[in-house]
Amino acid sequence: YDQTIGSDDYYDHITDVAESCSPGCSSSVRSTLSAISVELQKAGDNQFPSVASAMGICKDTMPAYMDTSRLFRDELMMVVGYTFANVNMANYPPGKKTSLYKACQIFQDEELMPLDKLSKFLSKMLG
45 YDQTIGSDDY
55 YDHITDVAES
65 CSPGCSSSVR
75 STLSAISVEL
85 QKAGDNQFPS
95 VASAMGICKD
105 TMPAYMDTSR
115 LFRDELMMVV
125 GYTFANVNMA
135 NYPPGKKTSL
145 YKACQIFQDE
155 ELMPLDKLSK
165 FLSKMLG
């Protein structure tokens with residue numbers, strides 16, 4: 045309550061828990077999000093909705109304020125972060141049946157391309 049922890053400490057802890065749940069999870073999430081960031085940067089402000097569409101996100105469902113690829117990327121990162129925080133809270137008892145483990149497995153699926161991984165993650169975790 046005294047605000048003495050660092051601003052990233054909570055999400056660093058979530059990362060550690062995800063990593064212990066499924067070794068390699070954190071690097072798989074990072075590489076997926078990095079690849080998507082590159083795709084969004086390439087698409088630019090005029091074409092980022094096509095990247096969103098490739099992930100199953102319809103342009104008509106995006107808020108009006110979301111008008112740049114950078115803002116869209118930032119929102120995606122926030123959604124992934126808070127979704128991992130939510131599934132972490134339900135990670136008891138820890139094991140392969142938890143949503144946290146299943147989320148990690150999506151990102152660790154080497155058969156899926158980055159956009160497909162995030163699409164599947166959003167669909168499965170947020171339904």
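In the working numbering, the protein residues as written are 45 to 171. Backbone N, C-alpha and C fix where the C-beta goes; we use that ideal spot for every residue, glycine too.
Between the Cα of M157 and the Cα atoms of M99, P93, D46 and D52, which residue gives the shortest distance? M99
Out of V131, I150, S66 and S94, which has the shortest C-alpha to C-alpha gap to F116? S94
Quick one: give me the first and last residue of the alpha helix (DSSP H) that D111 is part of. It is not in any alpha helix (DSSP H) - D111 carries neither H nor E in the DSSP assignment.
How about L144 and A87: are their beta carbons less than 8 Å apart? Annotated as distal: L144 and A87, with beta-carbon spacing of 8 Å or more.
One question on the structure: do C69 and P138 come within less than 8 Å of each other, judged by their Cβ atoms? no
Assigned exposure category for L170 - 16 Cβ within 10 Å defines buried: exposed
My output table needs one value for S51: the three-state DSSP class, helix, strand or coil. coil
So, with DSSP's three-state summary, where would you put Y126? helix
Separation of M106 from F151, as counted between CA atoms: 24 Å
Exposed or buried, which one is N90 when buried takes at least 16 other CB atoms within 10 Å? exposed
Cutoff 6 Å; reference A129; Cβ partners in own chain excluding five residues on either side: If you ignore the 5 residues before and after A129, its C-beta comes within less than 6 Å of the C-beta of I58, all in its own chain and listed in chain order.
First and last residue of the uninterrupted alpha helix (DSSP H) at T76: C69 to A98
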